[in-house]
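2 protein chains.
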Amino acid sequence: MHAHTAIAAQPTRVLPGPQATAMPMPRMTPSRPFAANDADPLAAIAQLRVFDREQAIFAEGETADAVFRVVDGMIRLYKLLPDGRRQIIGFLQAGDMVGLAFADRYLYSAEAITASTVQRVPRSQLDALLDSQPSLARRLLSVTTSELVAAQDQMLLLGRKSALEKLASFLLALSRRAGAGRAIALPMSRCDIADHLGLTTETVSRGFTKLKTSRLIRILDGGRVELLDAGALAELADCT
Amino acid sequence: MHAHTAIAAQPTRVLPGPQATAMPMPRMTPSRPFAANDADPLAAIAQLRVFDREQAIFAEGETADAVFRVVDGMIRLYKLLPDGRRQIIGFLQAGDMVGLAFADRYLYSAEAITASTVQRVPRSQLDALLDSQPSLARRLLSVTTSELVAAQDQMLLLGRKSALEKLASFLLALSRRAGAGRAIALPMSRCDIADHLGLTTETVSRGFTKLKTSRLIRILDGGRVELLDAGALAELADCT
DNA sequence: CGCGTGATTGAGGTCGGTCAAACACTGTGG
DNA sequence: CCACAGTGTTTGACCGACCTCAATCACGCG
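Going down the list, the protein sequences come from chains V and R.
Residue numbers for the first sequence, in full-length UniProt numbering: 1 to 240.
Residue numbers for the second sequence, in full-length UniProt numbering: 1 to 240.
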């Protein structure tokens, strides 16, 4: 079935932090509330780390000694059942945070899909920062809350949508995150998409060809997809 | 298919708040961090409201002008697709919070399953409280984070588990919340359970009879269920 | 008692999974 | 430049878990 193998957990190289001015700021959306002209206390204490394609960042069950924020690239978060079935909890892009579960162990695994740069903030330093800067907690609350909203949408998708509806919803969600432009990057494999939508690789592939022959999407080079009729896709996705 | 009808949105009666000493305190778990001997700033400004069985508390799309905390009873949160398909996001019990999505509109509906008592905290007052009492944000962050953890478990369930595995996981999760004692209350209907697990009423019913004939559970009076072999259920649930 | 609602059971259909083969792409070595 | 292997995607044929439709059952209530 799935292999789900990833290479060693050590980052390719660790850049010395802090380097507050060098790193790109997350976009200004409700879910990523650190605006460019806003002080970013996390950046000051974060280490920058670079991970290769398919490299593990942390694994479910490991001691959760740090939180991460994605600067560049794409990360998958997933949970496994003992027999190997995998559910991808989410795909993270620039600005997203990982590991904000205040448990002593990570409750899911994280792997880089593309070569990725992340900020790493040790848990102890985050706690200290939360003490010295109370407004940070409200920001993190806001971030976590919008993650929760996304999770609830995903529950509706997983529990109640058909294969084609799931695929349309997925493409639209990616498109909304990417912002303007009808072409979106799909660096993840069909298997990743399947494990995110509760389907199989084959069903995802059939869905893509159906959307292609219906002239709703077009496959571009480099694994990019152009949404030819976002309205029809939204109709298919049954709103959301 | 489903009816999903609920009666008027007005609470049966509104009790004058605050009445800090009269209301039961949530239990001491990581997800409900307001311990009994701990100051509870929310209780001080909350209005107590009582809702009848099957009564709506708020609906998806309404202006989100308040957050709620359940004092007693059971609440269902759900999202609907335009054609009426329903996904129950969660069942809330004493101590759980609702409406903590910092959007201007509720993103799901809430209805009382049993007669329920909830604390109602207007959004504006909550904001003020967050300003005057920064530690509250960290508590809410902790609450929201554990809701997110539960949501991720539910994604794994919805995306990757079989009908029987879903049912076993559901019963175990309820049992863990209820704490000691192998009997758990199931005030919600088979249809509610189905809409929570991404199944149909019939499949849930068949699952219950299969668990009964396998001597893993026993149905007691009053819609209560006794877990006869939690170990075997956990095995079935494929961990989690 | 008769009715209404929800739960259970049964029979049959279907969407998506499983298994398998063909295809496409990429890099590697001759 | 091609041959080839290796990996991931697509397509096909078949199957089964779950859904659909429908009848029966159980329980509470006027």
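Cβ atoms here follow ideal geometry from the backbone N, Cα and C, with glycine treated the same way.
Thinking just about the alpha-carbon of each residue, which of the options is nearest to the one in residue i?
i	options	result
residue 63(V)	105(V), 89(V), 174(V)	105(V)
residue 183(V)	174(V), 189(V), 190(V)	174(V)
residue 113(R)	59(R), 101(R), 54(R)	54(R)
residue 61(R)	171(R), 108(R), 230(R), 116(R)	108(R)
residue 238(V)	214(R), 154(R), 83(R)	83(R)
residue 129(V)	76(V), 46(V), 204(V)	46(V)
residue 208(R)	167(R), 192(R), 180(R)	167(R)
residue 88(V)	178(R), 153(R), 194(R), 217(R)	153(R)
residue 188(R)	90(R), 179(R), 42(R)	90(R)
residue 111(R)	212(R), 121(R), 99(R), 40(R)	99(R)
residue 125(V)	94(V), 201(V), 228(V), 42(V)	42(V)
residue 193(V)	151(V), 80(V), 86(V)	86(V)
residue 103(R)	79(V), 116(V), 115(V), 145(V)	145(V)
residue 115(V)	72(V), 191(V), 219(V), 172(V)	72(V)
residue 151(V)	201(R), 79(R), 220(R), 92(R)	79(R)
residue 92(V)	234(V), 137(V), 177(V)	177(V)
residue 101(R)	202(V), 200(V), 131(V), 142(V)	142(V)
Would you say residue i lies against chain V (beta-carbon separation less than 8 Å)?
i	result
residue 200(R)	no
residue 85(R)	yes
residue 62(R)	no
residue 138(R)	yes
residue 70(R)	no
residue 178(R)	no
residue 122(R)	no
residue 149(R)	yes
residue 193(R)	no
residue 79(R)	yes
residue 187(R)	no
residue 172(R)	no
residue 48(R)	no
residue 92(R)	no
Is there a Cβ of chain R sitting closer than 8 Å to that of residue i, yes or no?
i	result
residue 168(V)	no
residue 159(V)	yes
residue 154(V)	yes
residue 144(V)	yes
residue 252(V)	Look at the range of chain V in this structure, 1 to 240, and you will see that residue 252(V) is not part of it.
residue 238(V)	yes
residue 106(V)	no
residue 41(V)	no
residue 128(V)	no
residue 234(V)	no
residue 89(V)	yes
residue 101(V)	yes
residue 141(V)	yes
On the three-state DSSP scale, how would you describe residue i?
i	result
residue 20(R)	Reliability fails at residue 20(R), whose pLDDT of 41 lies under 50, so the model's placement of it is uncertain and no value is given.
Is the closest heavy atom of the ligand FMN to the C-beta of residue i under 7 Å?
i	result
residue 171(R)	Of the ligands one can find in the structure shown there are none, so the ligand FMN has no counterpart to examine.
Assuming residue i and residue j are in contact, meaning their beta carbons sit under 8 Å apart, how far apart are those beta carbons, in whole angstroms?
i	j	result
residue 68(V)	residue 118(V)	5 Å
residue 96(R)	residue 70(R)	5 Å
residue 156(R)	residue 147(V)	About 16 Å separates the two Cβ atoms, so there is no contact after all.
residue 65(R)	residue 123(R)	5 Å
residue 206(V)	residue 81(R)	Contact doesn't hold; Cβ gap of about 22 Å is too wide.
residue 164(R)	residue 236(R)	6 Å
residue 185(R)	residue 223(R)	7 Å
residue 211(V)	residue 170(V)	Incorrect: roughly 11 Å between the Cβ atoms, too far for contact.
residue 216(R)	residue 232(R)	5 Å
residue 230(R)	residue 138(V)	About 40 Å separates the two Cβ atoms, so there is no contact after all.
residue 158(R)	residue 172(V)	The pair is not a contact, with the Cβ atoms about 19 Å apart (cut-off 8 Å).
What are the complete beta strand (DSSP E) segments, minimum 3 residues, inside the segment 104–150 of chain R?
Here the runs fully enclosed are 109–112, 116–122.
In chain order, which continuous runs of the beta strand (DSSP E) of length 3 or greater are located wholly inside the UniProt domain "HTH crp-type" (161–231) of chain R?
If we require 3 residues or more, the beta strand (DSSP E) runs fully inside the UniProt domain "HTH crp-type" (161–231) of chain R come out as 183–185, 217–219, 224–227.
Give the list of continuous alpha helix (DSSP H) stretches no shorter than 4 residues that lie fully inside the UniProt domain "Cyclic nucleotide-binding" (51–99) of chain R.
List check, alpha helix (DSSP H) in window: nothing returned.
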